[in-house]
Structures are given as structure tokens and as C-alpha cells.
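If you count the sequence shown from 1, you need to add 1 to reach the numbering used here.
For reference, the structure is listed below as C-alpha cells.
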Amino acid sequence: MPEIIVTATDLAGASTDAVLVTTFEDGLSPAVLQADAALGGAISEMKEASEFTGRFAQRPVLRTLGRLGAKRLMVLGLGKPAQLDSYRLLNAFWLAGGALRLAGVRSVTVVADPAIAVALDGGHGPARGDEIVRAVVTGLLLGNWDGGVTKTVDEDGTRDKLIERVELTGFAGDDVDAVVAEAQVLASATNQVRTWVTTPSNRLTPTELAAQAERLFQGSGLEVEVLRKADLERLGMGALLGVAQGSEEPPVMICVRWDGGRPGQPRLGLVGKGITFDTGGISIKPAGGMEMMKTDMGGGGAVLGAMWAIATLQIPANVVGIVPATENMPGGRAYKPGDVLTSRSGKTIEVLNTDAEGRIILADGLAQAREMGATHLVDVATLTGAVIVALGHATTGLMTNDARLGALVGQAAARAGDRVSELPMFPEYDVCLESQVADVANIGASRAAGSISAAVFLREFVGDLPWVHLDIAGTSWNDQGELKMVPSGPSGTPVRTFVHLARTFASLPDADEVGMGSAGQERVVERWRADVDGEPAGPGEK
2 MPEIIVTATD
12 LAGASTDAVL
22 VTTFEDGLSP
32 AVLQADAALG
42 GAISEMKEAS
52 EFTGRFAQRP
62 VLRTLGRLGA
72 KRLMVLGLGK
82 PAQLDSYRLL
92 NAFWLAGGAL
102 RLAGVRSVTV
112 VADPAIAVAL
122 DGGHGPARGD
132 EIVRAVVTGL
142 LLGNWDGGVT
152 KTVDEDGTRD
162 KLIERVELTG
172 FAGDDVDAVV
182 AEAQVLASAT
192 NQVRTWVTTP
202 SNRLTPTELA
212 AQAERLFQGS
222 GLEVEVLRKA
232 DLERLGMGAL
242 LGVAQGSEEP
252 PVMICVRWDG
262 GRPGQPRLGL
272 VGKGITFDTG
282 GISIKPAGGM
292 EMMKTDMGGG
302 GAVLGAMWAI
312 ATLQIPANVV
322 GIVPATENMP
332 GGRAYKPGDV
342 LTSRSGKTIE
352 VLNTDAEGRI
362 ILADGLAQAR
372 EMGATHLVDV
382 ATLTGAVIVA
392 LGHATTGLMT
402 NDARLGALVG
412 QAAARAGDRV
422 SELPMFPEYD
432 VCLESQVADV
442 ANIGASRAAG
452 SISAAVFLRE
462 FVGDLPWVHL
472 DIAGTSWNDQ
482 GELKMVPSGP
492 SGTPVRTFVH
502 LARTFASLPD
512 ADEVGMGSAG
522 QERVVERWRA
532 DVDGEPAGPG
542 EK
């Protein structure tokens, strides 16, 4: 993690390897004009020649030839002011950080542009400075991540060469140093998830994922319990065990608890899919691209990363994180199409396709979160290819049984620099998973509305609790070249969304004095359901 300091150094006085300034398409910012004057009008000439337009994520690097204290100048385009939001601002600095790192920059000064604050607030007044600092710092640190986790030497010699120092100048806020420290935690948690998602599955088995999580959590104040195969059998986790039975690697369920809030506060339950490798099982996937199925634990990784960040930031909320983890493999003992599994909740599941395994293991994960006192549930999974068809790689699909909780998740995502979009769960979809031999089938009769039918399945296991499902099959990893304005590779989403959501939960009213046993759970949900004003609970968030 680089050293990050807030300074009063101006552009001309910066002595770092590079200076980063931003501008919009509608004109050059004051910092860019200052740099342009120092460089003899070089930037103006580039703009007149349409070599640089300020288009979003344009990031030319100019040699300053001794006319500025820094050797290089990056001019980062932010596009049209009306289109700027936290997502685009974070992505712009993410792309800039990656470019600077690969260019060999080891120290950089970032000069604030007052126009960013005005643009983020829609021209109605300046946005809060801490939101800008959080996006800028988090984005730079995400760009300062090397994904070659198993490489020893790069051909170009850039392995392990990272930005070591960042100076921020001109940035305002209530407590910039505190916001910088928070951004460092958010970026560290996100980058940890990206590292897990990138790690080959022979090096990140379910057992190893649990071991790494336990090491990460040491000294954090988190309570961690890893349920092993014998525990899962004793507890009747037949859904997770069914998916796992084709693999030589034993399954685990990682259970994490953070009691940072008051005893009577609502408890947020985060449940993440932890398939460390997915062949599709007996319903085997095509060979092309199967190597990327090491990424199928992105949802589980996000839950673990978020729990670490929540504890590190000492957020005064009550949260549990659950990650059912296994491989999905073919073999003589593998579960088969036509099998019926009995889940922890007692509901039976007819398996029509073994490649729809993520929702099956989440069924037991959701039940475990309920057992641990969760009053509100959010699950996250790289679940369906259908969500990529619908939303591509820029937007996470959100489905819910509770509009207010869905709104809170959307607000948290907006602050985090993530994007979510709600898909409908109209009553007409309710019958899509009917089974003649079990309580529910794991897929529908056709491919229609595949993401929604997966959510309908999961809803069967949440009972009457408010619940949100996040399908990150597209947003967990951007591998499509057409999305040049979204950083490629693993994203770590939605770690930061979960952290902001936990902060919102810290402000929700207590249920009563009884604590968070079953009576407390019922009281929280009762109060939640009784509030029919339509306004999301918790503080308003931009």
C-alpha cells in the first residue's frame, strides 16, 4: 500500500515522478491551463488537433522537459460533466493508476479540480469533498494492483513495481486524512478479493480459502467458524454437500460474525457463493473458457473482504458473513440431473442441471445466516450468464422481495462506485421452478428470464426476511473489449457496497431490548414491515 499524504504543494512545486490533472470535454480545467502555460501550449495544441478532447478516460502522458517539477504530466479526461458520477470518477482514476504504474511511475501528485464537485452534484452546488477523495484514492489504489499472482518475472520487468507515494493537493473535506484512511481499507479489501478471484483453483481450494480468510481476520475482532464436512453432515446441509460430492476437495462453510452494534440492532446477513472451480458437473461446460471458472467464488470472496473491512473500520453494526465453498466436479460420486437434495431448511430441490449449482449452495448459506440471527439478507453470486446478456459487464443485477432494502443497497452502491439495476420479480415468474417431485426445481423449463428464475429459487430459502440478490456474473470480471471505459479483469465488486450498507445498518433503530434471538429477529422484521411510508430506512445517501 503506497504512502498517501495531503499536501499544500501546487502543481508547479510538485517534485514527484508524475503530476495528474483532470479536465472535462467542455474546456480545460484551471490546473490543465496552468500546466499548458508551463509547457508552452502543448495541451492546447493537442486539443485543437483533436489528439486530446477530454473524452472520458483519455489519459495522455506528456514529458515536462524540466518545465515542471515532475518529470511527467498525465491529463485525465472525465468526459461530459453531466455524465460524471462516483462510478465513472472511480473508474477514471482506476484506469489512470494502472497506466501510471505500468509506465514506471513510483510517486504521483494529484491536483484537485473544483469542477468535479459541481459536476457530481448536477450543477446545483458542490458535492461533499469526502466523496471525491474516497473515489480518487480508491480508484488509484485499485489501479496499483498487479494481477500476476503466480508470475515470477515479467518480460518487461514490471513485476512487483508499484506506485509507492501519492500526494493529494487542493482536496477539501471535513477530515481528508480520515477519508484517505478509509479509502485505503476499501481498496485493500477490494484488491484482496481480486487476488483471490485471480488465483488458480489448485492454489485456492475451499479449505485454502477458509485458511486464508482466518489468517486475514486475525486480530480484527471478527468471530470465525469454519464448518467442515462432518459439521455440514450433522447440520443437514444437504444442498452444499450434494454439489460437493463429485470433488475430492472437501466443502466448507465459512461463518463470520461482527457484533459491532447494539444488541437490539438489526443484523445484516451477507451470503456469498464460493465455488472455487466450476466444471458444470455432469452437465459439463464447454472446454473453451472453462479456465475462467476459477473466478466463480467472486461473491464469496466479496463477503469475506467486506467483513474484514467492516471490522477494520470498526463500523458499529451487527453483520454476519456466510460463504458456502466447494468445487463443482464430475465423477463417480457426483450429483446428477434428476437427483433430489434436501437443504438445511428442509426444502427439497430437484436438480435438473448440475451447472446451476451456485443457487443450490446458497440455499444452505441463506439458512445458516438465518440461524445466526440475520434480520436482513443480501446474497451475492456470479450466478447466471443471462445477467451478462441483459446488463453486460458494467451493471450488477439486483432482485429483491423488499423495495426498501433494495433502495438501501442501491444507495450504498452509488456511494461505493458500483452500479446496480433492478430486474423485476413479478408474480408471473413465481411458477417457473415448479417441480413434480420436489419442493422446487433448480432451473426453469426454458432459458427465458434466467437471472430472475435463479432469484425466484433463492427467494424460497429466505422465509419472510427482507432480502436482496445481487448477480455479479458480469461485473465480477470484465473481459469484453468493447467496455474500454471499464477497467478489465477482476473488479472485487461489491465489497465497498457492503461496507457502505453496513454503515447504513448502524443507524437503523433498535428492535427492542431483547437482543437478537428469534424473538428479536421477528421484532425487527415486524417493525420493518410496519413502516409503510415508502422512505428507505437510515440516513439519506447521495
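Note that CB positions come from ideal geometry on N, CA and C, so glycine has one too.
None of these values were measured; they are calculated from a predicted model.
Handout entry: Residues that DSSP places opposite histidine 377 in a beta bridge
Key = Sequence index remark: in the sequence shown, residue 377 carries index 376 (1-based). DSSP output for histidine 377 lists Leu269 as bridge partner(s).
Practice task
Count the other CB atoms, across all protein chains shown, that sit within 10 Å of the CB of glutamine 84; report buried if there are 16 or more and exposed otherwise.
Solution key: Your numbering for residue 84 matches position 83 in the sequence shown. Taking all protein chains in view, the Cβ of glutamine 84 is surrounded by fewer than 16 other Cβ atoms within 10 Å, so the residue is classified as exposed.
Handout entry: Minimum C-alpha distance to valine 363 - residue among Val320, Leu271 and Val410
Key = Looking up residue 363 in the sequence shown gives position 362. In the sequence as presented, valine is not what sits at residue 363; that position holds leucine. Selected option, being the one with the closest Cα: Leu271.
Practice task
List the residues that DSSP assigns as beta-bridge partners of glycine 398.
Solution key: Within the sequence shown, numbered from 1, the residue matching residue 398 stands at position 397. Residue pairing from DSSP places glycine 398 in a beta bridge opposite Ser422 and Asp472.
Problem - Rounded separation between valine 525 and alanine 375 - CA only - result: To locate residue 525, count along the sequence shown from 1; it is residue 524. To locate residue 375, count along the sequence shown from 1; it is residue 374. So the two alpha carbons sit approximately 10 Å from each other.
Practice task
Along the beta strand (DSSP E) that carries phenylalanine 57, what are the first and last residues, could you check?
Solution key: As a position in the sequence shown, residue 57 is number 56, starting the count at 1. Judged by DSSP secondary structure, phenylalanine 57 falls outside any beta strand (DSSP E); it is assigned neither H nor E.
Exercise for the section: Would you identify the three-state DSSP class for tryptophan 478, choosing helix, strand or coil? Expected result: Taking the sequence shown and counting its residues from 1, the one referred to as residue 478 is at position 477. Here tryptophan 478 sits in strand by DSSP.
Handout entry: Enclosing alpha helix (DSSP H) for serine 452 [first to last residue]
Key = By 1-based counting over the sequence shown, the position of residue 452 is 451. It spans 451 to 460 - the alpha helix (DSSP H) in which serine 452 sits, taken as one unbroken run.
Exercise for the section: Could you check if proline 267 is buried or exposed, using at least 16 other CB atoms within 10 Å of its CB as the buried criterion? Expected result: One-based indexing of the sequence shown puts residue 267 at position 266. By the neighbour-count criterion, in which 16 or more other beta carbons inside 10 Å mark a residue as buried, proline 267 falls on the buried side.
Exercise for the section: Report the rounded CA-to-CA distance for alanine 414 versus glutamate 132, giving the unit in angstroms. Expected result: The residue you call residue 414 lines up with position 413 of the sequence shown. The residue you call residue 132 lines up with position 131 of the sequence shown. Approximately 13 Å, taken between the alpha carbons.
Exercise for the section: Check alanine 442 in the structure and name its three-state DSSP category. Expected result: The residue given as residue 442 occupies position 441 in the sequence shown. Per DSSP, reduced to three states, the secondary structure at alanine 442 is strand.
Exercise for the section: Return the chain-ordered list of same chain residues with a C-beta closer than 6 Å to the C-beta of glutamate 165, the five sequence neighbours on each side being excluded. Expected result: Taking the first residue of the sequence shown as position 1, residue 165 is located at position 164. Here the set comprises Pro3 and Arg107.
Practice task
Going by CA-CA distance only, name the one from Leu90, Ala36, Gly80 and Gln59 that's closest to arginine 73.
Solution key: The residue labelled residue 73 in the question sits at position 72 within the sequence shown. The closest CA to that of arginine 73, considering only Leu90, Ala36, Gly80 and Gln59, is found on Ala36.
Handout entry: Paired residues, beta bridge with valine 320 - DSSP
Key = On the sequence shown, position 319 is the one that residue 320 refers to. In the DSSP output, where bridge partners are listed per residue, valine 320 has Trp259 and Leu269.
Exercise for the section: Tell me valine 227's beta-bridge partners as DSSP assigns them. Expected result: Numbered from 1 along the sequence shown, position 226 holds the residue referred to as residue 227. Looking at the DSSP output, valine 227 sits in a beta bridge with Ile255.
Handout entry: Separation of glycine 70 from proline 61, as counted between CA atoms
Key = What you label residue 61 is simply residue 60 of the sequence shown in a count that begins at 1. What you label residue 70 is simply residue 69 of the sequence shown in a count that begins at 1. For proline 61 and glycine 70, the gap between their C-alpha atoms comes out near 18 Å.
Handout entry: Cβ-heavy atom distance, valine 352 to the ligand SAH, below 7 Å
Key = In the structure shown, the ligand SAH is absent, as is every other ligand, since no ligand is present at all.
Exercise for the section: Please report how far the alpha carbon of glycine 105 lies from the alpha carbon of alanine 395, in whole angstroms. Expected result: Your numbering for residue 105 matches position 104 in the sequence shown. Your numbering for residue 395 matches position 394 in the sequence shown. C-alpha separation (whole angstroms): 29 Å.
Problem - Contiguous beta strand (DSSP E) assignments of at least 3 residues, all confined to the region 64 to 88 - result: For the region 64 to 88, whole beta strand (DSSP E) runs of length 3 or above, ordered along the chain, are 73 to 78.
Problem - For leucine 77, the nearest candidate out of Leu21, Leu91 and Arg89 (CA to CA) - result: In the sequence shown, residue 77 corresponds to position 76, counting from 1. The candidate whose alpha carbon is nearest that of leucine 77 is Leu21.
Problem - the region 397 to 414 / the region 290 to 297 touching (three or more Cβ pairs under 8 Å) - result: For the pair of segments examined, the region 397 to 414 was found not to touch the region 290 to 297: the number of CB pairs separated by less than 8 Å stays below three.
Exercise for the section: Work out the CA separation of aspartate 480 and glycine 55 for me, nearest whole Å. Expected result: Counting from one through the sequence shown, the residue named residue 55 turns up at place 54. Counting from one through the sequence shown, the residue named residue 480 turns up at place 479. Using only the alpha carbons, I get a separation of about 25 Å.
Exercise for the section: Return helix, strand or coil for leucine 143, following the three-state DSSP convention. Expected result: The residue labelled residue 143 in the question sits at position 142 within the sequence shown. Leucine 143 falls in the helix class under three-state DSSP.
Practice task
Please name the residue, chosen from Tyr88, Thr8, Ala116 and Ala38, that lies closest to threonine 24 on a Cα-to-Cα basis.
Solution key: Residue numbering aside, residue 24 sits at position 23 when the sequence shown is read from its first letter. Taking each of Tyr88, Thr8, Ala116 and Ala38 in turn and checking the Cα distance to threonine 24, the smallest one comes out for Ala116.
Problem - Per-residue DSSP class, three states only, for asparagine 203 - result: Residue mapping note: residue 203 aligns to position 202 of the sequence shown, counting from 1. Residue state, collapsed to three classes: coil.
Problem - arginine 334 vs glycine 247 beta-carbon contact at 8 Å - result: One-based indexing of the sequence shown puts residue 334 at position 333. One-based indexing of the sequence shown puts residue 247 at position 246. Cβ atoms of arginine 334 and glycine 247: closer than 8 Å.
Problem - At least three beta-carbon pairs within less than 8 Å, the region 243 to 263 to the region 318 to 327 - result: Short answer: they touch.
Handout entry: Same chain only: Cβ atoms within 7 Å of glycine 262, ignoring 5 sequence neighbours per side
Key = Here the question's residue 262 lines up with position 261 in the sequence shown. Taken in chain order, the residues that qualify are Pro317, Ala318, Asn319 and Ala507.
Practice task
Under 8 Å by Cβ, that's how I've got phenylalanine 462 and alanine 303 pegged, so tell me the actual separation to the nearest angstrom.
Solution key: On the sequence shown, position 461 is the one that residue 462 refers to. On the sequence shown, position 302 is the one that residue 303 refers to. Phenylalanine 462 to alanine 303, Cβ: 20 Å. No contact.
Handout entry: Simplified DSSP assignment, three categories, for alanine 279
Key = Counting from one through the sequence shown, the residue named residue 279 turns up at place 278. The question names alanine, but residue 279 is aspartate in the sequence shown. Reduced to three states, the DSSP call for aspartate 279 is strand.
Exercise for the section: Return helix, strand or coil for asparagine 329, following the three-state DSSP convention. Expected result: The residue given as residue 329 occupies position 328 in the sequence shown. The answer is strand: DSSP assigns asparagine 329 an E or B state.
Problem - C-alpha gap between glycine 516 and threonine 139, whole angstroms - result: Here residue 516 is taken as the residue at index 515 of the sequence shown, counted from 1. Here residue 139 is taken as the residue at index 138 of the sequence shown, counted from 1. Low per-residue confidence applies at glycine 516: pLDDT is 41, beneath 50, and the placement is therefore not dependable, though the value from the model is reported in the following sentence. Each residue's alpha carbon lies about 36 Å from the other.
Practice task
Determine which residues share a DSSP beta bridge with threonine 349 and list them.
Solution key: Here residue 349 refers to the residue found at position 348 when the sequence shown is read from its first residue. Beta-bridge partners assigned by DSSP to threonine 349: Thr343.
Exercise for the section: Would you kindly check if the distance between the Cβ of alanine 310 and the Cβ of leucine 217 is under 8 Å? Expected result: By one-based count along the sequence shown, residue 217 stands at place 216. By one-based count along the sequence shown, residue 310 stands at place 309. Not a contact, by the Cβ cut-off of 8 Å.
Handout entry: Boundaries of the beta strand (DSSP E) in which leucine 21 is found, first to last residue
Key = Counted from its first residue, the sequence shown places residue 21 at position 20. Element bounds for leucine 21: 19 to 24.
Handout entry: First and last residue of the uninterrupted alpha helix (DSSP H) at threonine 498
Key = Reading the sequence shown from its first residue, position 497 is the one you call residue 498. Segment 496 to 506, the alpha helix (DSSP H) holding threonine 498.
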